[in-house]
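One structure is given below, encoded as structure tokens.
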Amino acid sequence: MKICISSTGSSMDSTLDPRFGRAVYFIIADTETMEYESIENTAALSGGGAGVTSGQLMADKGVSAVITGSVGPNAMNVLKAAEIDVYRGLPTTVKENIAKFKEGSLEKIDSPGPSHSGMGGQR
Numbered sequence: 002m003k004i005c006i007s008s009t010g011s012s013m014d015s016t017l018d019p020r021f022g023r024a025v026y027f028i029i030a031d032t033e034t035m036e037y038e039s040i041e042n043t044a045a046l047s048g049g050g051a052g053v054t055s056g057q058l059m060a061d062k063g064v065s066a067v068i069t070g071s072v073g074p075n076a077m078n079v080l081k082a083a084e085i086d087v088y089r090g091l092p093t094t095v096k097e098n099i100a101k102f103k104e105g106s107l108e109k110i111d112s113p114g115p116s117h118s119g120m121g122g123q124r
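According to this note's numbering, the residues represented by the sequence shown are 2 to 124, in order.
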């Protein structure tokens, strides 16, 4: 299964980025082989629409699930439309989050968090 983890860096040892649309990187990993690709999130610095752009990227990459901290309403709409499940990750490494996902211990997110309204809404 192909999944995406929002990440602060480009490796499996990087920490989960709690933001989805504004994550610095996305790690797209195959849960069977553990092969992965790292994608720098060019939408992270956009003035608006980062969640939609990031959600569409996940659909284009064919991922089945996203592991992150929270997802805004627009991103959630795109992910749901693409039938991509969203899970709440832990503040640990990408690798550890994949292991927790594989054992079924991550909480599924069914409703969006607050909208961040572009760069001005960042915490």
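For each residue, glycine too, the CB sits at the ideal point set by N, CA and C.
Which one of Ala30, Val64 and Tyr26 has the shortest CA to CA distance from Ile99? Ala30
Does Ser112 pass the burial test, meaning 16 or more other C-beta atoms within 10 Å, or should it be called exposed? exposed
Go ahead and pull the three-state DSSP assignment for Ile68. strand
Quick one: Cα of Lys3 to Cα of Tyr26, how far? 16 angstroms
Under the three-state reduction of DSSP, which class applies to Val79: helix, strand or coil? helix
If Ser55 sits next to Ala76, beta carbons under 8 angstroms apart, how far is it from one beta carbon to the other, in whole angstroms? 6 angstroms
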